[in-house]
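Novice: Residue numbering for the sequence shown is 148 to 236, as defined by my numbering.
Cβ atoms here follow ideal geometry from the backbone N, Cα and C, with glycine treated the same way.
Please read all numbers here as calculations on a predicted model, not as lab measurements.
Pasting a structure below so you can have a look.
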Amino acid sequence: MEIKYNVQAPPKKSFNGGTKSEEIKAIEDFLTSGNAKNMCFQYNTPKEAKSKLSTISSHRRKYNAAHPKGYDAYRVDACIYIMRVEKGK
Numbered sequence: 148m149e150i151k152y153n154v155q156a157p158p159k160k161s162f163n164g165g166t167k168s169e170e171i172k173a174i175e176d177f178l179t180s181g182n183a184k185n186m187c188f189q190y191n192t193p194k195e196a197k198s199k200l201s202t203i204s205s206h207r208r209k210y211n212a213a214h215p216k217g218y219d220a221y222r223v224d225a226c227i228y229i230m231r232v233e234k235g236k
């Protein structure tokens, strides 16, 4: 390991506030419009679906804490299913 002092530091990159994924945008549109009871994201591989489910689950916890009508999300193979739910049911 090499330690250097008084180096020329590159400029900081700006943080854009966390860009929402396409899945999160689609879920928010689904929850705010229409009468559909559920939706499904289908991926090429179960591994890709598993990766996306972690992002969706994080959003779900925050969204459900702030809204009376939330949603549930679960994965079966290469598909993620989103279901509307009401708190207390």
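Just the Cα atoms here: how many angstroms apart are Glu175 and Lys194?
Specialist: Taking the sequence shown and counting its residues from 1, one reaches residue 175 at position 28. Taking the sequence shown and counting its residues from 1, one reaches residue 194 at position 47. Roughly 24 Å between the two C-alpha positions.
Novice: Please determine, among Gln189, Ala156 and Ala213, the residue with the shortest C-alpha to C-alpha distance to Ile229.
Specialist: On the sequence shown, residue 229 is found 82 positions in, with the first residue counted as 1. Ranking Gln189, Ala156 and Ala213 by Cα distance to Ile229 puts Gln189 first.
Novice: For Lys194, which three-state DSSP category applies?
Specialist: Stepping through the sequence shown from its first residue, residue 194 is reached at position 47. Looking at Lys194 - three-state DSSP - the assignment turns out to be helix.
Novice: Can you say whether Arg207 is buried or exposed, counting buried as having 16 or more other CB atoms within 10 angstroms of its CB?
Specialist: Locating residue 207 in the sequence shown gives position 60, counting from the first residue. When all chains shown are included, Arg207 counts as buried.
Novice: Once you ignore the five residues that flank Leu200 on each side, which residues in its own chain have a CB closer than 6 Å to its CB?
Specialist: Counting from 1 along the sequence shown, the entry for residue 200 is found at position 53. The answer, listed in chain order, is Arg222 and Ile227.
Novice: Counting C-beta neighbours from all protein chains within 10 Å, is the total for Tyr218 16 or more, i.e. buried, or is it exposed?
Specialist: The count along the sequence shown starts at 1 and reaches residue 218 at position 71. Buried is the call here.
Novice: Residue range of the alpha helix (DSSP H) that Glu170 falls in?
Specialist: Against the sequence shown, residue 170 aligns to sequence position 23. Here the alpha helix (DSSP H) through Glu170 covers Glu169 to Thr179.
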